[in-house]
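Worksheet: one structure, shown below.
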């Protein structure tokens with residue numbers, strides 16, 4: 001498997017790509033090409049072009065959850081496919097894989113949209129929708145985890161905004177749509193996460209259960225440790241240390257204080273736009 005970082009908050013020195021406070025990865029696993037999250041804008045397309053990656057051949061678009069910094073690039077991907085159609089170029093409809101709640105509109109403070117803004121009818125014209133709360137195997141080794149059981153008491157999730165159903169009714173959004181990918185091999189598991197609203201340790205526990213393997217090779221993505229309490233950092237770090245997680249690549253919604261703290265327990269590796277990881 002190969003992971004290329006198309007969008008992150010940070011960029012790497014001497015790689016003249018652009019970043020934004022968002023996330024998007026391009027994953028190659030066997031013969032499958034997977035776009036994991038689309039960032040906030042069309043930046044993932046711009047960076048992909050500079051990296052020589054063609055989004056026309058995607059097999060899957062996987063959404064970690066519905067927030068704007070992970071889904072609003074879908075609008076630009078739809079534009080990209082539309083332009084190809086106008087030019088008479090081949091269009092391949094990838095599967096759009098996510099939790100069944102990920103595409104539901106999310107409102108913040110009664111006015112601001114912070115979730116997906118494209119309706120299902122439009123999405124169905126460009127993607128084969130696969131909405132699931134259950135684990136779904138993208139390849140023999142790569143699995144979308146579906147809804148993450150929230151088992152660890154120290155990883156409580158505060159609601160962010162409200163989910164809006166088709167009737168216009170709203171409920172507090174506890175982000176049950178937050179999920180991740182796991183790559184399972186004989187050597188162990190690589191976890192690929194977007195924001196980890198469901199808890200990076202909860203995600204890890206579930207990945208071990210789904211993959212039937214207790215060895216974690218690496219965790220790459222957002223750990224949702226932004227302005228985290230000292231106790232939260234300590235609980236997370238001790239969990240990773242006790243399970244012998246040696247290498248982690250925290251990015252996006254993980255601040256410098258969290259990375260420094262975690263580095264006392266694990267090898268914290270650098271991540272930025274243009275990073276590539278091979279397993």
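Numbering (the UniProt record's numbering), first residue to last: 1 to 279.
Beta carbons: idealized from backbone N, C-alpha and C, even for Gly.
These figures come from a predicted structure and were not determined experimentally.
Please look up how many angstroms separate the CB atoms of residue i and residue j, rounded, as I've assumed it's under 8 Å.
| i | j | result |
| --- | --- | --- |
| residue 20 | residue 39 | 6 Å |
| residue 273 | residue 248 | About 18 Å; that fails the 8 Å criterion. |
| residue 201 | residue 239 | 5 Å |
| residue 275 | residue 5 | 4 Å |
With distance defined between alpha-carbon atoms, name the residue in the options nearest to residue i.
| i | options | result |
| --- | --- | --- |
| residue 117 | 74, 250 and 132 | 74 |
| residue 146 | 130, 154, 140 and 155 | 130 |
| residue 41 | 69, 172 and 62 | 69 |
| residue 54 | 44, 212 and 127 | 44 |
| residue 164 | 113, 61, 272 and 92 | 113 |
| residue 189 | 204, 175 and 199 | 204 |
| residue 119 | 135, 134, 136 and 101 | 101 |
| residue 115 | 67, 48, 179 and 133 | 67 |
| residue 11 | 47, 213 and 27 | 47 |
| residue 64 | 89, 178 and 50 | 178 |
| residue 71 | 25, 56, 29 and 50 | 25 |
| residue 31 | 149, 105, 106 and 141 | 141 |
| residue 106 | 168, 228 and 132 | 168 |
| residue 137 | 16, 231, 184 and 233 | 184 |
| residue 76 | 207, 90, 88 and 56 | 56 |
| residue 150 | 7, 207 and 110 | 207 |
| residue 108 | 89, 153, 175 and 122 | 175 |
| residue 133 | 124, 143 and 218 | 143 |
| residue 90 | 81, 98 and 97 | 81 |
| residue 219 | 246, 170 and 111 | 246 |
| residue 191 | 230, 170, 148 and 157 | 148 |
| residue 225 | 157, 98 and 37 | 157 |
Quick one: what does DSSP say residue i is sitting in, helix, strand or coil?
| i | result |
| --- | --- |
| residue 74 | helix |
| residue 96 | strand |
| residue 202 | helix |
| residue 45 | helix |
| residue 163 | strand |
| residue 4 | strand |
| residue 226 | coil |
| residue 28 | strand |
| residue 82 | helix |
| residue 56 | helix |
| residue 267 | strand |
| residue 235 | helix |
| residue 12 | coil |
| residue 260 | helix |
| residue 152 | coil |
| residue 182 | strand |
| residue 278 | strand |
| residue 63 | coil |
In chain order, what residues of the same chain lie with their CB nearer than 7 Å to the CB of residue i, ignoring the 5 residues before and after it?
| i | result |
| --- | --- |
| residue 222 | 23, 193, 194, 195, 196, 251, 252, 253 and 254 |
| residue 172 | 159 and 162 |
| residue 50 | 17 |
| residue 261 | 233 and 237 |
| residue 110 | none |
| residue 84 | 56 and 91 |
Less than 6 Å between C-beta atoms, sequence neighbours within five positions excluded: which residues of the same chain meet that for residue i?
| i | result |
| --- | --- |
| residue 78 | 126 |
| residue 241 | 265 |
Sorry if obvious, but does the Cβ on residue i come closer than 7 Å to a heavy atom of the ligand HEM?
| i | result |
| --- | --- |
| residue 265 | Ligands are entirely absent from the displayed structure, and the ligand HEM is therefore not among its contents. |
Can you find the residues in the same chain that come closer than 8 Å, C-beta to C-beta, to residue i, ignoring five residues on each side of it along the sequence?
| i | result |
| --- | --- |
| residue 244 | 215 and 216 |
| residue 58 | 33, 34, 35, 92 and 94 |
If the criterion is Cβ atoms closer than 8 Å, does the pair residue i and residue j meet it?
| i | j | result |
| --- | --- | --- |
| residue 128 | residue 182 | no |
| residue 155 | residue 199 | yes |
| residue 281 | residue 2 | Since the first and last residues shown for the chain are 1 and 279, residue 281 lies out of range. |
| residue 135 | residue 61 | no |
| residue 180 | residue 228 | no |
| residue 29 | residue 139 | yes |
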